[in-house]
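Report on the structure given below.
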Amino acid sequence: MKFLAALLIYLFISNFASAQSQNWSKLYGPFKGQVNDFEVVSGNSNIVLATGSEGIFRTTNSGLNWQNVSGVGSNVISISTNDPNIILTNNSKSFDGGLSWAGAQIVDLIELKFAPGSNTIAYGIKIDGIVIRTTDLGTSWHVIDNSLSVYGTFKSLMTSLTEPSVVYTLSDSGYLSKSTDFGNTWQRIRFTERLLTGVCGVVSFKNNQRIIIAADDSVYVSNSGTSGFAAYYNQATSFPKKIIIDEQFTNTLYILSWYMNSPKSVHRSTNGGITWESIFGNAVTGSNIRSTIDGKLYFSGYYSGIYLSTDQGQNFTSIGYKNIEPEGIKNTGNETFYAWDQSGYFRTNNGGANWTLIHGTGGFYPNSLSISNQNHNKIYVSNFSSLSISTDAGRNWIDKNVSALGTLNEIYVMNQNDEIIFAKGFNQVSSSFILGRSTNNGDTWGLINKPSSSYFWNLKLNDGAPADIYFIPSNSVNTNLFRSTDLGSTWTDIAPILEPAQYLHDVSSDPTGKLYCGAASFYTSNDFGNNWDIIYQYIYPRLQIYLLYIDFQNTNKIYSIDPNTKRLYGSSNGGIHWYWADSGLPEVYNINIASITPNSKVLLSTEKGVFYGTPILTVDIKPISEIIPEEFSLEQNFPNPFNPETKLRFNIPMNSAIVNLSIYDATGRIVATLINSPMKAGEYEILWDATGLPGGIYYSVLRNDTQVRTIKMVLLK
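Okay, so the sequence shown: first residue is 57 according to my numbering, each after it adds one.
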């Protein structure tokens, strides 16, 4: 007996040491941010300043951490090449590297550049296409070229690092204008007779005679200044926004384009502009791109934040500036997760250590993602009124026409045949939801009669009965659950008989085909919904069962999210008893959605990002006195012996960083964790239900970071 006691003490102490570490870890990313423009400090590529509608954000470690340095956002931003502490936007300026800001004259700019080597002279292009200049760091601005009626609307600025007084502009009429006296006088050449939709250019930082212009679907290259342009067809995009030269490999060029005119936003040439390939930014609205001398390539999206590549654009990692609040999370393995919101769709292959953007949304809502059961590299995403399918985990996409479905809301792919796709759409004219079906991988679509004409909330597929689909009309006042075994041609209502004043919210299944139903109470069916058993009866103030998540490795483990409290709770005995499952999170978060991985870990979407961990089921704790106790203690349970419930009373004399109350069997194995969280000083009582455990000796152990209290309990069966 002494040996057992010593063993238990060892287990208690070692288990508590691990319990003090968080059972949840916050994943690094994915990130988003509304970014109009950004700049990288010359000479220190770790320092980036990004500006948008939410303010100005600054990082000094390539995006690992961001600081909001100004609450006033702007359209454009530029950093002096002479002094990186001098920064100018279209409405403010900074003299200390962006840590503090002063006001400047407000001008509506689409382009902004410092004159090379100057701390006070900068050039801008207004939204109406007029070119302006400041000589006093934005205190005042003056027009230096308004010849739009002759040369067209000016769209882009260029400067030469080796020629401080030289500035270039490009217009939509195909004119390249050059000034050698800070914009006082201009020389013009016309490099194309075409009227252009998109035009931008760059002057080589190593050779001021090398000028490269991207104009619609062509690239113009000159190695002799403003003459001798060679034209190359750019098959990658037809609407360029920015073009840059790689600062390490000067024969490598990048074009940033508007995604509406190209499947991707970032395009690369490795032969000086002769040929091009699309490399990144599926359906992403990009705002800027920058290369650095140490091999970094930064990219920004108007809605989807900042991205970093260190391999010439082969891979981009999401780096800032704020965590997304995922509207959805799915996984295809222990380390591969997908998360998405209005800013885009993201993927990680290493458990969340870093994320890449695989598809944009254009800022539209709603969005959804589905994964083929037959091929986990085959992914389906919705983007407002389009369906995109990838067979290589999101690197390349094929768009499908889904105009018959209106606004695309959700995608559902049949388990046994991933060419059969169901979709939930919204008809803007009739203001009603519609159900569509494709049997040829989304090439053509037909509409299905819904079993409920008024409502359509969700469609579920049965993991153990591949031909079965389930239609849930509503997630509020609803008592129906419809099943189809013929791809939606006919429907049968199979809903369980619900308790009074309860409504059906969700249905889920496990690999055997067993059905689980959340309707405040909890129901299961072993015959595909023909018969139901009530496993857990909701009686106020017990937990109500809503959305369901089944652990396929152990189907006794079931989780749910309360839409009212936004908390996670779970059951470890098939739904008989339910306990809180979000203890250990560093704060109280609103949990929106969850996903369970093959190793039984749980992903949580919160307003502060994504958390990943192993839930510990805990019960509600009842304070029984406001008197602060004198000592740390655990009283004998009552009743004892017991079957199946017993009460545990304990005292906490001071606020504790973490208190753990766990139940062990006679071998030292944890059978229940009732508390694992910070607690205030006080006297508490908790009810433990041992249903499902065999009779025998159990130990209740209360511990904080310095003390352990143990009692022996007897469960009679």
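We put the CB at the ideal spot given by N, CA and C, even for glycine.
All figures in this text were calculated on a predicted structure; none of them were measured in a lab.
CB residue i to CB residue j, shorter than 8 Å?
i: Ser334; j: Thr308; result: no
i: Asn175; j: Leu193; result: yes
i: Asp607; j: Ser564; result: no
i: Tyr358; j: Ser343; result: yes
i: Ser438; j: Val469; result: no
i: Asn263; j: Gly640; result: no
i: Ala160; j: Lys169; result: no
i: His633; j: Thr766; result: no
i: Glu466; j: Asn648; result: no
i: Gly119; j: Gln90; result: no
i: Asp638; j: Pro700; result: no
i: Ile300; j: Ile345; result: yes
i: Ile112; j: Gly129; result: yes
i: Leu425; j: Lys456; result: no
i: Gly407; j: Glu391; result: yes
i: Val187; j: Gly239; result: yes
i: Lys703; j: Asn693; result: yes
Can you tell which of the options has the C-alpha that lies nearest to the C-alpha of residue i?
i: Ala686; options: Asn711, Asp397, Asn582, Pro700; result: Looking at the sequence provided, one finds Glu at residue 686 rather than Ala. When each option's Cα is compared against that of Glu686, the closest is Asn711.
i: Asp184; options: Gly284, Phe170, Leu204; result: Leu204
i: Thr535; options: Thr195, Lys516, Pro522, Gln558; result: Gln558
i: Phe217; options: Thr137, Ala270, Pro86; result: The residue asked about is misnamed: residue 217 is Leu in this sequence, not Phe. If we check each option's Cα against that of Leu217, Thr137 comes out closest.
i: Trp122; options: Tyr84, Ser487, Asn587, Ser294; result: Tyr84
i: Asn433; options: Lys234, Ser442, Phe393, Asn457; result: Phe393
i: Asn496; options: Thr762, Ile445, Arg451, Ser374; result: Ile445
i: Gln368; options: Ile162, Tyr354, Ser689; result: Tyr354
i: Ile200; options: Thr190, Gly208, Asn518; result: Thr190
i: Ala339; options: Gln370, Pro172, Tyr310, Ser441; result: Ser441
i: Phe247; options: Val485, Gly738, Tyr276; result: Tyr276
i: Leu24; options: Glu555, Ile269, Gly400; result: Nothing in the structure corresponds to residue 24, since the chain is present only between 57 and 773.
i: Asn141; options: Ser540, Ile112, Phe151, Asn483; result: Phe151
i: Ser487; options: Lys570, Ser229, Leu144, Gly462; result: Gly462
i: Ala395; options: Asn371, Gln370, Ile435, Ser365; result: Ile435
i: Leu673; options: Glu643, Tyr625, Ile684; result: Tyr625
i: Pro296; options: Asp273, Ala287, Tyr288; result: Asp273
i: Glu303; options: Lys352, Gln265, Ser294; result: Lys352
i: Gly328; options: Ile476, Ala576, Phe305, Ser360; result: Phe305
i: Leu599; options: Ser321, Tyr668, Tyr615; result: Tyr615
i: Val764; options: Glu691, Lys773, Ala728; result: Glu691
State the beta-bridge partners of residue i as determined by DSSP.
i: Val563; result: Cys573
i: Ile345; result: Phe355
i: Asn457; result: Ser442
i: Thr107; result: Asp93, Ile112
i: Gly400; result: Asp397
i: Leu659; result: Ser651, Tyr668
i: Glu701; result: Asp745
i: Leu690; result: Phe706
i: Met214; result: Tyr224
With H, G and I counted as helix, E and B as strand and the rest as coil, what does DSSP make of residue i?
i: Ser205; result: helix
i: Val757; result: strand
i: Ser77; result: Summary for Ser77: the model assigns pLDDT 41, below 50, so the residue's position carries little reliability; its value from the coordinates is reported in the next sentence. Coil, per DSSP.
i: Ala521; result: coil
i: Ala449; result: coil
i: Ala409; result: coil
i: Ser134; result: strand
i: Ser360; result: strand
i: Leu776; result: Absent from the structure is residue 776, since the part of the chain shown begins at 57 and ends at 773.
i: Ile677; result: coil
i: Ile742; result: strand
i: Ile188; result: strand
i: Val128; result: coil
i: Pro685; result: coil
i: Ile299; result: strand
i: Gly337; result: coil
i: Phe68; result: Caution is warranted here: a pLDDT of 49 is assigned to Phe68, below 50, making its placement in the model unreliable, and the coordinate value is therefore given only provisionally. In this structure, Phe68 counts as helix in the three-state DSSP scheme.
i: Ile435; result: strand
i: Ala637; result: coil
i: Ile719; result: strand
i: Arg598; result: coil
i: Asn117; result: coil
* To do: Decide if the segment 420 to 440 is in contact with the segment 95 to 109; the criterion is three or more beta carbon pairs, one per stretch, under 8 Å apart.
  => No, the segment 420 to 440 does not touch the segment 95 to 109.
* Asked: For the 8 Å Cβ check, are there 3 or more pairs between the segment 640 to 655 and the segment 748 to 760?
  -> In short, these stretches do not touch, since the Cβ pair count stays below three.
* Inter-stretch contact (C-beta, 8 Å, three-pair minimum) for the segment 673 to 683 and the segment 87 to 100 -> Short answer: they don't touch.
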